[in-house]
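J.: Just so you know, the sequences run in chain order A and B. Quick note: the first sequence, position 87, residue 87 per full-length UniProt numbering, numbers continuous. Quick note: the second sequence, position 129, residue 129 per full-length UniProt numbering, numbers continuous.
Number of protein chains: 2
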Amino acid sequence: MTPDTDKSPADEIGFKPLYAQVRDRLVRRLVDGTWAPGMPLPSEMELARQLNVSQGTVRKALDSMTADNMLIRRQGRGTFVAEPEESRILFQFYRLVPDVGIASFPDSRVISHGSARATKAEATALGIEEGGDVWRIERIRSLAGQPMLVETITLPADRFPGFGELTEIPNNVYRLYSERWGITIASAGERLKAIAASGRDARKLGCEKGEPLLLISRVARDLEDRPVELRWSRCISRDLHYSVNLR
Amino acid sequence: MTPDTDKSPADEIGFKPLYAQVRDRLVRRLVDGTWAPGMPLPSEMELARQLNVSQGTVRKALDSMTADNMLIRRQGRGTFVAEPEESRILFQFYRLVPDVGIASFPDSRVISHGSARATKAEATALGIEEGGDVWRIERIRSLAGQPMLVETITLPADRFPGFGELTEIPNNVYRLYSERWGITIASAGERLKAIAASGRDARKLGCEKGEPLLLISRVARDLEDRPVELRWSRCISRDLHYSVNLR
DNA sequence: GAGTGGTCTAGACCACCTA
DNA sequence: AGGTGGTCTAGACCACTCC
Numbered sequence: 001m002t003p004d005t006d007k008s009p010a011d012e013i014g015f016k017p018l019y020a021q022v023r024d025r026l027v028r029r030l031v032d033g034t035w036a037p038g039m040p041l042p043s044e045m046e047l048a049r050q051l052n053v054s055q056g057t058v059r060k061a062l063d064s065m066t067a068d069n070m071l072i073r074r075q076g077r078g079t080f081v082a083e084p085e086e087s088r089i090l091f092q093f094y095r096l097v098p099d100v101g102i103a104s105f106p107d108s109r110v111i112s113h114g115s116a117r118a119t120k121a122e123a124t125a126l127g128i129e130e131g132g133d134v135w136r137i138e139r140i141r142s143l144a145g146q147p148m149l150v151e152t153i154t155l156p157a158d159r160f161p162g163f164g165e166l167t168e169i170p171n172n173v174y175r176l177y178s179e180r181w182g183i184t185i186a187s188a189g190e191r192l193k194a195i196a197a198s199g200r201d202a203r204k205l206g207c208e209k210g211e212p213l214l215l216i217s218r219v220a221r222d223l224e225d226r227p228v229e230l231r232w233s234r235c236i237s238r239d240l241h242y243s244v245n246l247r
Numbered sequence: 001m002t003p004d005t006d007k008s009p010a011d012e013i014g015f016k017p018l019y020a021q022v023r024d025r026l027v028r029r030l031v032d033g034t035w036a037p038g039m040p041l042p043s044e045m046e047l048a049r050q051l052n053v054s055q056g057t058v059r060k061a062l063d064s065m066t067a068d069n070m071l072i073r074r075q076g077r078g079t080f081v082a083e084p085e086e087s088r089i090l091f092q093f094y095r096l097v098p099d100v101g102i103a104s105f106p107d108s109r110v111i112s113h114g115s116a117r118a119t120k121a122e123a124t125a126l127g128i129e130e131g132g133d134v135w136r137i138e139r140i141r142s143l144a145g146q147p148m149l150v151e152t153i154t155l156p157a158d159r160f161p162g163f164g165e166l167t168e169i170p171n172n173v174y175r176l177y178s179e180r181w182g183i184t185i186a187s188a189g190e191r192l193k194a195i196a197a198s199g200r201d202a203r204k205l206g207c208e209k210g211e212p213l214l215l216i217s218r219v220a221r222d223l224e225d226r227p228v229e230l231r232w233s234r235c236i237s238r239d240l241h242y243s244v245n246l247r
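Set out below in structure tokens:
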């Protein structure tokens, strides 16, 4: 079938190939919750009919979304919206690996949790105004009972209404963001530095003041690439390392 | 029959999709130097004829190699072998960015350079025998005249014959590997830690002993995914950070 | 104008899953 | 057996580059 809608908008300034437009439309259905995590999408054929494009074009859009971990495709079963609890999504954003042995997910203990005003750094990272309303959470994370990381999470208040009333904050906050506010974390940028442990952090981590810590500043983004979380982790890397693959 | 645990689908005997076989054959031509960096490849149509597959299958192989930065495709011009001197490739493996301002490439000063026996750690990383012959190079790298990192590079001697006779080692060693030994660095794994500066490193970097440094251990791999370089960088991250994007 | 890669379509067959 | 995604082919048209 030939799409009866405008097919060659070459006169447009912002030209996008058809498969990219299809992708945008499908992403929008993820954003607005039409398709929730875990749900199956219609088949390629069905989507092609709905959108008035060929199956190949739908496939190109789906493949690109799968490459970005938004979808999971299983031959013979169908295409599904990726869930934040799946281990491969979990470790997508968790790059800390023990020097010996296999990676495991740390426990969390919240030590403070409430509303605050955005500092300049927070405002810049989150794309909001300095002094704007944010939620701020501080947690200590442990492996095998051993504190290894203290982290400060900052969230723009307007994207997370009612966050302050939560009585409990689960270990996997990305699943919480998804279930409670329909916000899917799709990508993140991280910046790493080596710093000396402050007195406060040293006390929390049970290490010496001045001990070298790995500082990880993460800006996490949603499906539409808007920043939604700032996370500032200070980590004892004596028996751990941060692992990246460069291609 | 008895469906044991989930097995990966491509666990089968030797089955590979046609486009993956085509990719393998094309990669081999890069490895053996048939197509050198900067050279144009035959057109898709020509390759399809040569390999007796359809243009679409050739395209899928070329697209995958382009995604892995082995090739560069330019509409209307052709497909070219990626060159290690292009800034795109340069920054592919260099993730250190100043906190303010734009990234630039540091100068290098070699402070030692010669043959050695592989330590256990080096042997494990490079997949050679402990005590095997290696080249070892130590360099200090500076930005705007300011030393910011000291690095130790270890190379397996058999992959780099004659390395010891070099009188000068250029700043961009990946270009050297390519031009002199036909070895293309295609990917790398990096591990980061925060450590305290040793007395030796502190002297070289002009910082205090015990100052927190970012330790970056890189294993660089060739087109066939074999480890060919181990690099151990200790970096002053006071005004710099290591930048990663997670998708 | 000729040649290249980029997009889009259409249809075939295969491997896999569920029922 | 019927539906799904995965692969492969063939051909059309477009946008870009070079001559």
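Cβ coordinates follow ideal geometry from the N, Cα and C atoms, glycine included.
Under the assumption that Arg-139/B contacts Val-110/B (Cβ atoms under 8 angstroms), give the Cβ distance between them as a whole number of angstroms.
T.: 5 angstroms
J.: Check each candidate in Ile-195/B, Arg-23/B, Leu-230/B, Ile-137/B and name the one with the smallest Cα separation from Val-58/B.
T.: When Ile-195/B, Arg-23/B, Leu-230/B, Ile-137/B are compared, the shortest CA-CA separation from Val-58/B is found for Arg-23/B.
J.: Using a threshold of 7 angstroms, is the CB atom of Ser-237/B nearer than that to any non-hydrogen atom of the ligand NAP?
T.: Inclusion of the ligand NAP in the displayed structure is not the case, the ligand content being empty and no account of it being possible.
J.: With 16 other CB atoms within 10 Å as the buried threshold, where does Ala-194/A fall?
T.: buried
J.: Taking 8 angstroms as the threshold, find out whether the region 98-106 of chain A comes into contact with the region 234-241 of chain A through three or more Cβ pairs.
T.: yes
J.: Pair every Cβ in the region 77-84 of chain A with every Cβ in the region 23-43 of chain A, then say whether three or more of these pairs are closer than 8 angstroms.
T.: Yes, they touch.
J.: For Phe-80/B, report the span of its beta strand (DSSP E) as first-last.
T.: 78-81
J.: Looking only at its own chain, which residues have a Cβ that is under 8 angstroms from the Cβ of Arg-159/B, when we skip the five neighbours before and after it?
T.: The answer, listed in chain order, is Trp-181, Ile-183, Val-228.
J.: Taking the C-alpha atoms as reference points, what is the distance between Ala-118/A and Leu-230/B?
T.: Distance between the alpha carbons of Ala-118/A and Leu-230/B is about 42 angstroms.
J.: Counting only Cβ-Cβ distances shorter than 7 angstroms, please list the residues of the region 187-208 of chain B near chain A, keeping chain order.
T.: Within the region 187-208 of chain B, the qualifying residues are Ser-187, Ala-188, Gly-189, Glu-190, Arg-191, Leu-192, Lys-193, Ala-194, Ile-195, Ala-196.
J.: Three or more beta-carbon pairs under 8 angstroms between the region 199-213 of chain B and the region 166-175 of chain B, yes or no?
T.: no
J.: Secondary structure at Trp-135/B, three-state DSSP: helix, strand or coil?
T.: strand
J.: Which class does Glu-12/A belong to by DSSP, given the choice of helix, strand or coil?
T.: Reliability fails at Glu-12/A, whose pLDDT of 40 lies under 50, so the model's placement of it is uncertain and no value is given.
J.: For Asp-32/B, is the classification buried or exposed, using 16 other Cβ atoms within 10 angstroms of its Cβ as the cut-off for buried?
T.: Asp-32/B is exposed by the Cβ-count criterion.
J.: Relative to the alpha-carbon of Gly-78/A, which residue among Ile-89/A, Glu-46/A, Arg-221/A has its alpha-carbon at the smallest distance?
T.: Glu-46/A
J.: Taking Cβ-Cβ distances shorter than 9 angstroms, what residues in chain A pair up with Asn-69/B?
T.: Arg-247
J.: Please classify Leu-41/B: does DSSP put it in a helix, a strand, or coil?
T.: coil
J.: Is there a Cβ of chain B sitting closer than 8 angstroms to that of Gln-92/A, yes or no?
T.: yes
J.: So Glu-151/B packs on Ser-233/B, CB below 8 angstroms; how close in whole Å?
T.: Sure, about 4 angstroms apart at Cβ, within 8 angstroms.
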